[in-house]
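To start, the structure itself, in structure tokens.
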Amino acid sequence: LQAFGDRMWAFAVPVMLIDLYPDSLMPCALYSLGLNFSLIFLTSPVSAWIDRTNRLKVFTTAVWAQGLLILINCGLVMALLNTKSAFFSCEDSL
């Protein structure tokens, strides 16, 4: 079930970015670039931290971090959608 959610998110974000920016693939490219750079540079330090830390602390920290990042991401998406809708309403009045 977790892998399904990850794959759905990996599919939905580029589709949403294409919907928000139909004239450019740059946001999708920047999203993929940021995702891959974070995987390259964070995998080793996070794995080393997991190996030397108590598993319960790792699990608790990971759950809290995931919830916090989801909250931040939802806020960013709301801000982006509000900015785009305000831009389109100003554009329509011209």
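Residue numbers for the sequence shown follow this note's numbering, beginning at -8 and rising by one.
Note that CB positions come from ideal geometry on N, CA and C, so glycine has one too.
Check                                                                                                                            : Outcome
Look at the alpha carbon of L26 and the alpha carbon of N73, and state the distance between them as a whole number of angstroms. : 24 Å
Could you tell me the alpha carbon to alpha carbon distance between T52 and L24, rounded to whole angstroms?                     : 26 Å
Thinking C-beta only, is L8 closer than 8 Å to Y22?                                                                              : yes
What distance in whole Å lies between the Cβ atoms of V49 and I41, which are believed to be in contact at a cut-off of 8 Å?      : 5 Å
Using only the alpha-carbon positions, how far apart do C113 and A1 sit?                                                         : Residue coverage of the chain in this structure runs from -8 to 85, which leaves residue 113 outside it and unanswerable.
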